[in-house]
Structures are given as structure tokens and as C-alpha cells.
Amino acid sequence: MGSFSSASSIRQPTAIAAAVPCPRQGRLATEAGKERIFTGVAALVDTNILVYRFDARYPKKQRIATAILRNGIVHDSVRVPHQAILEFVAAVTRPIRGHAILQQAEALREAEEFLKQFTILYPNEAIVREALRACAAYRLNLFDAHMWSYAEHYGLPEILTEDLQDDRLYGTVRIVNPFRGVS
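Under our numbering, read the sequence shown as residues 115 to 297, first letter to last.
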């Protein structure tokens with residue numbers, strides 16, 4: 115659908131990246147806490163950031179998502195949970211009004227590019243346990259709790275997503291909606 119440049123094109127910064135700053139650019143986590151791994155990065159990106167990168171139905175959101183990912187590459191300022199890669203492929207290949215955002219082969223190719231371009235975080239038992247507890251403690255659905263548990267576990271101070279309440283703090287992790295006010 116539409117004419118997109120491949121994910122590999124997000125390696126090169128453009129005027130879009132300069133015009134739309136990545137939230138908290140330059141501000142890093144200061145400590146990781148017990149049994150956490152300090153990564154010194156700004157944010158975890160949720161699946162919707164990856165999807166909007168290719169979704170021409172929302173050009174403003176597409177520009178913002180592209181800028182976040184470009185800045186993430188240039189400044190090593192984002193991390194991607196493996197869950198987001200899997201959800202990305204499912205979301206962009208699902209037909210919407212008869213058309214998918216990407217065909218399966220293209221979606222798989224773009225997922226491979228994400229794997230090359232970003233540090234991908236993988237779950238372990240502690241992350242899964244934190245997610246299960248977060249379902250009850252924060253009343254999150256399992257997938258949102260799982261996404262949150264990556265950020266909490268790896269000491270990432272923010273999750274960039276439109277799926278949770280903007281500026282809400284869950285444990286040590288703040289939710290930032292980079293699309294706030296954008297239609």
C-alpha cells in the first residue's frame with residue numbers, strides 16, 4: 115500500500131527528525147535498581163510507533179513515528195521489545211478495508227531491518243512475572259503489562275505509545291504519547 119521507502123532508509127536523519135524532537139532526547143535513566151540492567155537510553159517504543167512508520171492513512175503520525183525512529187538510530191535513544199516486532203508484523207499485514215498496510219514479505223523484511231537497526235529486548239522469567247503482577251497492580255491488559263515490564267526491568271524511564279494514558283506513571287515508568295493532539 116502506498117509508496118514507502120524501506121526501514122533501512124530511516125538510518126539517515128532528515129529535516130523531519132530535526133523538526134519533531136524525540137521525547138526526552140538527551141535525558142537518560144540514572145539508575146537501574148535491584149536486578150535491573152541499566153541501559154542508559156531514553157525510551158521503549160511500543161508497536162504503534164513501528165506501525166505508524168508505514169501507515170500512510172495518518173501522515174502526521176507517520177512523520178512523527180519516522181522522526182522518533184530516526185532519532186533513535188542516530189542517538190541510540192530507543193529500545194524495541196521483541197513483542198513489538200511480532201505485533202508489528204501482525205498489525206501491518208492484517209487487512210483494513212480490504213488492504214493491508216504491507217504485504218507479508220515486505221512486513222517480514224521490515225521486521226528484519228528493525229532487528230538490525232535497534233537493540234531488541236527479549237523477555238526472561240523476571241519480565242514475565244513483573245507483567246503478571248502489573249496486570250493486577252495497575253489493571254493493565256496482559257500485553258500492555260508485558261510492554262511495561264520490559265521498561266521497568268531494563269530501567270527505561272519512558273514508554274512511547276498512544277495506547278496508555280499520557281503522562282501516567284506506572285512504577286518508575288512514565289507513559290509518553292508522542293501523538294498527543296495529532297489527528
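Think of the CB as a built atom: it goes at the ideal place given N, C-alpha and C, for glycine as much as any other residue.
Can you give me the C-alpha to C-alpha distance between residue i and residue j, rounded to a whole angstrom?
i      : j      : result
Val159 : Pro173 : 19 Å
Ser297 : Glu244 : 33 Å
Asp347 : Ser263 : Outside the shown range of the chain, which is 115 to 297, sits residue 347, and nothing can be said about it.
Ala214 : Ser191 : 30 Å
His196 : Thr233 : 10 Å
Arg177 : Ala240 : 35 Å
Lys175 : Leu183 : 12 Å
Ala181 : Pro292 : 11 Å
Ile199 : Glu226 : 9 Å
Ile273 : Gly212 : 31 Å
Arg288 : Ala204 : 26 Å
Thr275 : Gln218 : 24 Å
Per DSSP, residue i forms a beta bridge with which residues?
i      : result
Leu283 : Arg288
Val192 : Ala157
Measuring alpha carbon to alpha carbon, tell me which of the options ends up nearest residue i.
i      : options                        : result
His260 : His213, Leu235, Thr207         : Leu235
Ala248 : Gly285, Glu226, Thr275         : Gly285
Phe257 : Gly212, Asn162, Ala156         : Asn162
Gln231 : Ile187, Leu283, Phe293, Asn291 : Ile187
Arg171 : Ile210, His189, Ile182         : Ile210
Asn238 : Ala221, His267, Leu229, Ala219 : His267
Asp169 : Arg193, Val206, Arg223, Val194 : Val206
His224 : Tyr166, Leu283, Gly295, Leu254 : According to the sequence displayed, residue 224 carries Glu and not His. Closest option to Glu224, Cα to Cα, is Tyr166.
Glu201 : His189, Arg282, Phe228         : Phe228
According to DSSP, is residue i helix, strand or coil?
i      : result
Ile273 : strand
Pro173 : helix
Leu158 : strand
Val165 : helix
Arg294 : coil
Ala255 : Position check: residue 255 holds Asn in this sequence, whereas Ala was assumed. Of the three classes helix, strand and coil, the one that applies to Asn255 here is coil, per DSSP.
Leu278 : coil
Legend entry - Unbroken stretches of the alpha helix (DSSP H), 4 residues or longer, contained in the segment 194-252: 196-207, 218-231, 239-252
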